[in-house]
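Residue numbers for the sequence shown follow the UniProt record's numbering, beginning at 1 and rising by one.
The beta carbon of each residue, even a glycine, is placed where N, CA and C say it ideally should be.
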Amino acid sequence: MNRSTNQLVQAFNDLPRKELDPPDKPNEWYFDVRYMHFEPNPYHALYIMHPHRQTFGSTPWLEPLPAGLPANKNGLEFFPECSREAAPEVARAIMHTFLSNMGRRGPPPSAPWKLITPDKALRSAVNEEFRRIGIHSSLEIVEPSPAIRSIADDAFDTKFSILVNRNGITGWELTEMIIPESIIFSETTEAAPPVIMGKKTEWDICTAYVRHIMEARPINQFSESATIISEMGKEIRLLQDRLVKFPEAVLRARADNGDHEAALDYGMRLRFGAGCNQDRTLSRVYLLKALDSAAASDIFKATVHAALIEWYVDSRKDGILKNRFMCAAAHHTKAAIQLSRRADPNRKYFCNAILDFSKTLIDLNEKIGTIGQIRILYPDIVQVRKLRDKQIEEEKKKQAMKRRKAPLRYRCAAAGCGIQADTGRLLSRCSGKCDPDKKPSYCSKECQKADWKNHKPFCREGAECSVIDDGYVDPDAPLQGGSSKKEGTLQIPVTYKDGSTMYFSTSTLEPKVLKEMAESAKHHDPPAHLHDGMPKSWKVDVVDAPCTCCDRCRGSS
């Protein structure tokens, strides 16, 4: 314990304490922890109230956590996932609350006879913390009756409405806000670890790290698969060199001394276990530390915010993301968007981390009927999602116009192939006697040979079209990343393990390689993009060897 904590404990233990206060009411106080999702400065708060008082003393009190948090600063540095993490700050806030007399001028401060909280895990953890720091053992923490819990919840609802109004949310918007509930840590499940494909070799771990950071960087264009694969290969080798040049102890010391690039690197290493043990909690600590530097650029900070999104999403259980994790992820998404735009006011494209979460957030809240709160608190996210949806629709329209002119000329006719093109010259056509408007096109001789048994009966004048609609190709799919390339672009659809369908596109790879990439990607998360650049300190000397990570390939969004 430090001296200030000792002084706080001594002062709290010295407060007068009565069993009845007022004389005819039990001197017991209800408390819990709630997440206040106000923007731009969300925070956790200790909610405390006297359920037996009907006078001024019954007014609920909210103590931001950590205790003493400035009003102009968000409290995301404190984001407990279990009661053990919450207990030290909660114990300190309880002492601070009673010593400050909850902002009242009178009566003089006094201590509670008994404390009440609904969460068994928090009761145990705070009680243990009280004993550890020296709070007198006679102070009990017990479970509330259903009636007391109902009184506490009703009082909080009223308090929350007042706070919402103070934050400028009034009228119909007030009814759209989700009222924070008491956090029940005993019902919290452990967050899923980040996905690392393969056997978790150094290469696999570094690949997961690089994929994640590439998907978090602000982008300047959508890019085709081959370019992204090449970028990933280079960055993986850069990371492997950094692991040697800056081992954990060296990197952590630099991060602790205020090096924001080292803090980001160390936070990412901790997340994936690159050159150190995985530590989910400490990973977030260092990622937040990376945001504290005044020397960090907007692009850098946007990257860190976007990299933090998945940390909260990992807590999803059975497809359900609890409100505080959802809102915290949305806070970082909003910050990443705003910083990306500040760096480039005309920015039209946003990274995968932003786009993926924006879709998840909007789809989820539309499904459960809470989209109103999202529009109120996070309008930037809604706007970016609309922009992306509009871009997709525009691409679909462009390709639909091309395909109306030559509907069979832009896809390989072999059943199950899936290859499409944005120009007919990339596909070969049957040279037989079938009518020109019925001629099938193929991406390779192998596909043409495989389809011959199907096409042969139709390879004559006046015959019907032999192309089978196998449902493998979306006729409205946009050809992304290469429609402006003079040499033309091939693409193939792939369904990722999360069920989403996206498209790999290339102007350089052979169809066979493209199909192999698509098959491999079915076991992966959605893809990455080109970005505005990595921190300069990460660019140590490496040999620019050819990419060998095709089994870790990513596609363009």
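Check: Looking at the unbroken beta strand (DSSP E) that takes in residue 29, where does it start and where does it end?
Finding: 28-36
Check: For residue 456, does the three-state DSSP call read helix, strand or coil?
Finding: helix
Check: According to the neighbour-count rule (16 or more other Cβ atoms, all chains shown, within 10 Å of its Cβ), is residue 492 buried or exposed?
Finding: Buried.
Check: Are residue 334 and residue 381 closer than 7 Å when you measure CB to CB?
Finding: yes
Notebook entry, point to check: Helix, strand or coil: which one does DSSP assign to residue 64?
Noted result: strand
Check: Buried or exposed: where does residue 448 fall if 16 or more other Cβ atoms within 10 Å of its Cβ makes it buried?
Finding: buried
Check: Leaving out the 5 sequence neighbours to the left and right, which residues in its chain are closer than 6 Å to residue 173 when beta-carbon positions are compared?
Finding: 376
Margin query: Let me make sure I understand the geometry here. Which of 168, 163, 510 has the alpha-carbon closest to that of residue 179?
Written below: 163
Item checked: Option in 62, 122, 254, 79 with minimal Cα separation from residue 98 -> Of the candidates 62, 122, 254, 79, the residue whose Cα lies closest to the Cα of residue 98 is 62.
Checklist line | Sheet register partners of residue 25 (DSSP bridge) | finding: According to DSSP, which records beta bridges pairwise, residue 25 is partnered with nothing at all.
Check: In the structure shown, what three-state DSSP assignment does residue 206 receive?
Finding: helix
Check: What three-state label does DSSP hand residue 46 in the structure shown?
Finding: strand
Check: What's the C-alpha gap between residue 139 and residue 17?
Finding: Distance from the CA of residue 139 to the CA of residue 17, rounded to the nearest whole angstrom, comes to 10 Å.
Check: How would you call residue 14, buried or exposed, if buried means at least 16 neighbouring beta carbons within 10 angstroms?
Finding: Exposed is the call here.
Next item on the list: Give me the Cα-Cα distance between residue 46 and residue 40, rounded to the nearest whole angstrom.
Entry: C-alpha separation (whole angstroms): 19 Å.
Check: Taking contact to mean at least 3 C-beta pairs separated by less than 8 Å, is the stretch 65-74 in contact with the stretch 102-122?
Finding: Remark: fewer than three beta-carbon pairs, one from each stretch, lie closer than 8 Å, so the stretch 65-74 and the stretch 102-122 are not flagged as touching.
Notebook entry, point to check: By how many angstroms is the C-alpha of residue 241 removed from the C-alpha of residue 254?
Noted result: 17 Å
Next item on the list: Using a threshold of 7 Å, state whether the C-beta atoms of residue 130 and residue 91 are closer than that.
Entry: yes
Next item on the list: Whole angstroms is fine: what's the gap from residue 316's alpha carbon to residue 309's?
Entry: 12 Å
Notebook entry, point to check: With distances taken between CB atoms, is the gap from residue 290 to residue 330 smaller than 7 Å?
Noted result: No, they are not a contact pair.
Next item on the list: Scan the stretch 120-160 and note each continuous alpha helix (DSSP H) run of 4 residues or more that stays entirely inside, going in chain order.
Entry: 120-133
Note to self: Since residue 194 and residue 314 should fall inside the 8 Å C-beta cutoff, what is the C-beta to C-beta distance between them, to a whole number of angstroms?
What the structure shows: 7 Å
Notebook entry, point to check: From residue 421 to residue 495, what distance separates their C-alpha atoms?
Noted result: Looking at the two C-alpha atoms, the distance is approximately 19 Å.
Note to self: Taking the beta carbon of residue 158 as the centre, do at least 16 other beta carbons fall within 10 Å, making it buried, or is it exposed?
What the structure shows: exposed
Item checked: Beta-carbon contacts of residue 432 that lie in its chain and below 6 Å, excluding the five residues immediately before and after -> 459
Margin query: Only counting the same chain, and skipping five residues up and downstream in sequence, which positions put a Cβ closer than 8 Å to that of residue 56?
Written below: Bear in mind that the predicted position of residue 56 carries a pLDDT of just 42, short of 50, making it unreliable; the figure below should be weighed with that in mind. Within the same chain, residue 56 has close Cβ partners 104.
Notebook entry, point to check: How many Å lie between residue 33 and residue 397 at the Cα?
Noted result: Approximately 50 Å between the Cα atoms of the pair.
Check: Alpha carbon to alpha carbon, how far is residue 481 from residue 507?
Finding: Note that residue 481 scores 42 on pLDDT, short of 50, meaning its location in the model is unreliable and no value can be drawn from it.
Checklist line | Run of the alpha helix (DSSP H) containing residue 444, from where it starts to where it stops | finding: Segment: none, residue 444 is in no alpha helix (DSSP H) and carries neither H nor E.
Notebook entry, point to check: Count the other CB atoms within 10 Å of the CB of residue 489; is the residue buried (16 or more) or exposed (fewer)?
Noted result: buried
Check: According to DSSP, is residue 566 helix, strand or coil?
Finding: The requested residue 566 does not occur in the structure, where the chain is confined to residues 1 to 557.
Checklist line | Beta-carbon contacts of residue 343 that lie in its chain and below 8 Å, excluding the five residues immediately before and after | finding: 218, 297, 298, 299, 302, 532
Check: Based on the DSSP secondary-structure assignment, which residues constitute the bridge partners of residue 341?
Finding: DSSP output for residue 341 lists no bridge partner at all.
Notebook entry, point to check: In the DSSP assignment, what are the bridge partners of residue 411?
Noted result: 420
Next item on the list: Buried or exposed for residue 501, please, with buried defined as at least 16 other CB atoms from any protein chain shown within 10 angstroms of its CB.
Entry: exposed
Margin query: I'd like the list of long-range same chain contacts for residue 258, defined as Cβ closer than 7 Å, with 5 residues on each side in sequence excluded.
Written below: 293
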